[in-house]
Structure formats: C-alpha cells, structure tokens
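Below is one structure, written out as structure tokens; comments come after it.
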Amino acid sequence: MTRTLKVTAKGQVTLRKDLLDHLGIGPGQKIAVDLLPSGRVEVRAANSSSSIETFIGCLERPRKPSLSIEEMKQIVADGWAGRR
C-alpha cells in the first residue's frame with residue numbers, strides 16, 4: 001500500500017502513527033534509512049540495543065495474578081521491540 005507524505009519547507013517529513021506502528025517504533029526510538037538505486041529509500045526500525053538478556057524476566061510478576069495469553073503476547077512484542 002502506497003502512502004503519500006508531505007515535505008515541509010524545512011525539508012522534513014512526518015511519519016504518521018499507522019506507519020510508526022507498522023514499524024514497531026515509539027517515541028524516542030530511532031529509524032534507519034537506506035538509500036537504494038533509482039532514487040528509492042528503505043525505512044525500517046533501527047537495530048535496538050535490546051538483547052535476549054534484557055528480554056528474559058519481563059513476564060515475571062511476583063505475587064500478582066497470572067497473565068492471559070494476550071497480555072503475554074503484548075508484553076513479548078513490546079519487550080522485543082525495546083518499548084519495555
């Protein structure tokens with residue numbers, strides 16, 4: 001699906017929320033832009049500093065009720081994307 005974005009007088013482009021959500025990017029996170037042949041660019045989430053070591057334990061909740069599968073999936077997605 002093609003999106004059209006407007007360039008400001010300062011040469012800036014704002015990525016809409018649906019695009020940022022698709023990339024898994026939140027406030028304060030970085031994007032990487034690769035210049036491709038024929039004037040094309042590729043935009044993606046920059047490699048986060050997240051590692052499996054920082055991810056392990058993010059589901060731990062001592063003395064709290066068990067999480068649902070949906071809650072676990074959301075926590076896993078947020079943790080792996082570096083949002084947690």
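Count the sequence shown with the UniProt record's numbering and you get residues 1 to 84, in order.
Where is the CB? At the ideal position from N, CA and C, for every residue including glycine.
Here the structure is a predicted model, which is why all the values come from computation and not from measurement.
Looking at the structure shown, is Ala45 part of a helix, part of a strand, or coil, going by DSSP? Within the sequence shown, numbered from 1, the residue matching residue 45 stands at position 45. Ala45 falls in the strand class under three-state DSSP.
If you reduce the DSSP assignment to three classes, tell me which class Ala81 lands in. What you label residue 81 is simply residue 81 of the sequence shown in a count that begins at 1. Three-state result, Ala81: coil.
Quick one: which unbroken beta strand (DSSP E) runs of 3-plus residues sit fully inside the UniProt domain "SpoVT-AbrB" (2-48)? Chain order, please. Taken in chain order, the whole beta strand (DSSP E) runs of length 3 or more contained in the UniProt domain "SpoVT-AbrB" (2-48) are 31-36, 40-45.
Would you tell me roughly how many angstroms separate the C-alpha atoms of Val13 and Ser66, rounded to the nearest one? Here the question's residue 13 lines up with position 13 in the sequence shown. Here the question's residue 66 lines up with position 66 in the sequence shown. Distance between the alpha carbons of Val13 and Ser66: 43 angstroms.
Buried versus exposed call for Ile25 [16 or more other C-beta atoms within 10 Å across all chains shown]: Start at 1 with the first residue of the sequence shown, and residue 25 comes out as number 25. By the neighbour-count rule (16 or more Cβ atoms within 10 Å), Ile25 is buried.
Thinking just about the alpha-carbon of each residue, which of Ala9, Ala45, Lys10, Leu35 is nearest to the one in His22? Residue 22 sits at position 22 when you count from the first residue of the sequence shown. When each option's Cα is compared against that of His22, the closest is Ala45.
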